[in-house]
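Using the UniProt record's numbering, the letters of the sequence shown correspond one by one to residues 1 to 497.
Using N, Cα and C, we set each Cβ at its ideal position, and we do this for glycine too.
The structure appears right after this line, and notes come after that.
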Amino acid sequence: MLRSTACASAPSKQSSRIVSNRMRRRLVSSVANYQESQQKLKTTTSAAAALSTSSASAASAAHARTVSVQSGRSLQQKFYENRILDRYTAQEPKKVTLRQLVLFGRQLTEDKLVASANYVRSELPVRLAHRISDFQFLPYIAGTNPHLKMVYDLYWRAFDEFRKFSPVKTLDDNRRFCDNVKKNLLEHSQVIPQLGMGVAECADLVAPDEIDRFMNQMLISRISRRTLAEQHICLSEQYDDDLRAHLGLTATEGYAQMASAPRGFATQRIGIVRADCSVAQIVNECAMHAAGLYEDAHHLPPGTAPQVIVEGHTDATFMCIPAHFSYIIHELLKNAMSHVMERYAARLESDAAALAASSGRGASAFGSEPLFPPIRVTVCSSHSDIVVRVSDQGGGINPEVLPYIWSFTHPLKAKRLHNFHAVNRMEARVNEADAVAPLMSFGFGLPMSNVYAKYWGGSVNVHSLPGYGVDAYVQLPRLGNVVENISARRPQVATGV
Ligand SMILES: Nc1ncnc2c1ncn2[C@@H]1O[C@H](COP(=O)(O)OP(=O)(O)O)[C@@H](O)[C@H]1O
Ligand SMILES: [Mg+2]
1 MLRSTACASA
11 PSKQSSRIVS
21 NRMRRRLVSS
31 VANYQESQQK
41 LKTTTSAAAA
51 LSTSSASAAS
61 AAHARTVSVQ
71 SGRSLQQKFY
81 ENRILDRYTA
91 QEPKKVTLRQ
101 LVLFGRQLTE
111 DKLVASANYV
121 RSELPVRLAH
131 RISDFQFLPY
141 IAGTNPHLKM
151 VYDLYWRAFD
161 EFRKFSPVKT
171 LDDNRRFCDN
181 VKKNLLEHSQ
191 VIPQLGMGVA
201 ECADLVAPDE
211 IDRFMNQMLI
221 SRISRRTLAE
231 QHICLSEQYD
241 DDLRAHLGLT
251 ATEGYAQMAS
261 APRGFATQRI
271 GIVRADCSVA
281 QIVNECAMHA
291 AGLYEDAHHL
301 PPGTAPQVIV
311 EGHTDATFMC
321 IPAHFSYIIH
331 ELLKNAMSHV
341 MERYAARLES
351 DAAALAASSG
361 RGASAFGSEP
371 LFPPIRVTVC
381 SSHSDIVVRV
391 SDQGGGINPE
401 VLPYIWSFTH
411 PLKAKRLHNF
421 HAVNRMEARV
431 NEADAVAPLM
441 SFGFGLPMSN
451 VYAKYWGGSV
461 NVHSLPGYGV
471 DAYVQLPRLG
481 NVVENISARR
491 PQVATGV
């Protein structure tokens, strides 16, 4: 298929000669790269470790596209595939804001739904192509890692499927398109554990900064693709539901009525976006969920986990994707709860015998005195931003770990990423924490929360108060008018290009 596409685009003998000469040159250089890479692979770990020095960036450029060589397809085929990839990486993603998603999703019509499908259909391969290209520019030694290779292959398959999907013209086309997108979302739920294991195994071989940049880029782009895909699926499902609700009318009447209805204004929920998300409500939901996880994990009666007190601007609302905001708050509350409970474990043990009889959240087995100091969540809302502070008395962050809390791959953190061997799928969502042991540390929660916040132009910061506790801050734009923070290209510094 790829070959025939390329042949069809060679119009004359002259141009085909130019193409084939150029191709030969590229093949020769690819083979040279390949041989050079093979030579490198035979060298000892010390040579591999040399790649992890600051010269790793230059090495990665020299070993460009070695991953594709490893995939078992012929060099010639890979050459044609890379030509197609280049066409897509030459395009910049068309970025959106939350506000645009909301405005577009209100008063949905069939034409708008079809336009949305075609936007997603053409946007996904562009965003995937940039990340496939990142894999190809990884140092050779990382490109041979089976977990990273698995993600690379998944991305290629998805890239191929979406770029070949015919333009969507009707609602039926759209249903087929949505089925395809859903299948991809499901398949790609293996990506986070596979990336985690892959970068953990490369932690001693590649400079931590370089692999952290790679990981951040992969995850932020992943969120962006899922946002577009899930928004479109959700809008399509809402449209189908509304259509069914109008079945009493003729199709034309039904569509006309739906188009004029003030869709979304009543609920302020447009697809996966909420225009008026209540910060306090999300914090309370996450607090209940996290408390349940730790009470179950420690076999404690309900109501025993540290109390979460929400204060400040408790009626604040903002425009966000609740699933993204919940993930961040849930991770911060899990960290706070686990460290508070751990710090007060001795007391917990001494009270354990009587715990079964205790009742009421945070109440001690011996009276009304709480077992744990509370976690305070302060909400602050300005015209442009929402800031949430999560304060705990869990003793602060271990100073050995503190410098690396945002890194995925510093050796101290990489050890924890190996725990992904116990997890098949992870989509970085709150409700999946039930399936993933809450006591297992992946060293993933803080960096992933930061990726979610950064994607929407926000941030997560942590201040450790040694011997006392931690203050964690989340800042997010309130009005949804900040464009997705995805950089399409590899940073210059990372590749030396
Ligand atoms: N509130 C906190 N109190 C004490 N230590 C913390 C807190 N939050 C994070 N940490 C430290 O930072 C590390 C990284 O946190 P995180 O990224 O959430 O990963 P995980 O919780 O899976 O270990 C934790 O393992 C812990 O050592
Ligand atoms: Mg955590």
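- At least one heavy atom of ligand 2 lies closer than 7 Å to the C-beta of glutamate 331.
- Ranked by Cα distance from valine 482, the first of Pro466, Ile132, Asp471 and Trp456 is Trp456.
- Taking a contact to require three or more Cβ pairs closer than 8 Å, the stretch 335 to 342 and the stretch 398 to 407 do not qualify as touching.
- The Cβ-Cβ distance between valine 470 and isoleucine 386 does not fall below 8 Å.
- Listed in chain order, the non-local C-beta contacts of aspartate 134 below 8 Å within the same chain comprise Phe214, Gln217, Met218 and Arg490, local neighbours out to five positions each way being set aside.
- Screening all residues for a C-beta within a distance smaller than 5 Å of any heavy atom in ligand 2 leaves Asn335 and Gly445, in chain order.
- Classified as buried, histidine 410 has 16 or more neighbouring CB atoms from the shown chains inside 10 Å of its CB.
- The bridge partners DSSP lists for threonine 97 are Val483.
- Looking at the backbone, the Cα of leucine 128 and that of glycine 458 are separated by about 24 Å.
- Take the alpha-carbon of alanine 290 and the one of threonine 304: they are about 12 Å apart.
- If you check the C-beta of aspartate 392 against ligand 1, you find a heavy atom less than 7 Å away.
- Below 8 Å, enough C-beta pairs join the stretch 271 to 281 and the stretch 315 to 326 to call them touching: three or more.
- In this structure, the C-beta of histidine 298 stays at least 7 Å away from each heavy atom of ligand 1.
- Proximity to asparagine 118 across Ile233, Leu186 and Pro208 peaks at Ile233, based on C-alpha coordinates.
- When secondary structure is reduced to three states using DSSP, glycine 469 falls in the strand class.
- For the set His383, Asp392 and Leu243, the Cα lying nearest the Cα of isoleucine 309 is the one of Asp392.
- Contact check for valine 151 against glycine 196 fails: the beta carbons are separated by 8 Å or more.
- Taking 8 Å as the cut-off, the beta carbon of alanine 453 is found no closer than this to the beta carbon of valine 462.
- Separation of phenylalanine 420 and proline 125 (C-alpha to C-alpha, rounded to the nearest whole angstrom) is 28 Å.
- In the displayed model, proline 306 falls within coil according to three-state DSSP, outside both helix and strand.
- For valine 340, the enclosing alpha helix (DSSP H) covers residues 322 to 343.
- Secondary structure note for isoleucine 375: its beta strand (DSSP E) is the uninterrupted segment 375 to 381.
- Taking the Cβ of serine 407 as the reference point, every heavy atom of ligand 1 lies at 7 Å or farther away.
- Looking at Leu476, Val430, Val423 and His298, the one whose alpha-carbon comes closest to that of alanine 287 is Val430.
- Judged by DSSP secondary structure, aspartate 385 falls within the beta strand (DSSP E) whose first and last residues are 385 to 392.
- Proximity to aspartate 111 across Gly443, Pro466, Phe372 and Leu171 peaks at Leu171, based on C-alpha coordinates.
- In the displayed model, arginine 175 falls within a helix according to three-state DSSP.
- Measuring C-alpha to C-alpha distances from glutamate 81 to each of Glu123, Phe104 and Arg163 identifies Arg163 as the nearest.
- Nearest to glutamine 268 by alpha-carbon distance, out of Lys334, Gly105 and Arg83, is Gly105.
- Taking C-beta separations shorter than 8 Å and ignoring five residues to either side along the sequence, the partners of alanine 280 in its chain run Val310, Thr314, Asp315, Ala316 and Val379, following chain order.
- Restricting attention to Ser278, Tyr468 and Gly467, the CA atom closest to the CA of isoleucine 329 is found in Ser278.
- For isoleucine 397, the CB falls within less than 7 Å of some heavy atom of ligand 1.
- With contacts defined as CB atoms closer than 8 Å, valine 191 and leucine 243 fail to qualify as a contacting pair.
- Proximity of the beta carbon of histidine 463 to ligand 1 is not indicated: no heavy atom of the ligand is located closer than 7 Å.
- Inter-residue distance for leucine 235 and lysine 183 is about 17 Å (C-alpha atoms, whole angstroms).
- Within the same chain, and ignoring the five residues on either side of glutamine 91 in sequence, the residues whose Cβ sits closer than 7 Å to its Cβ are Val126.
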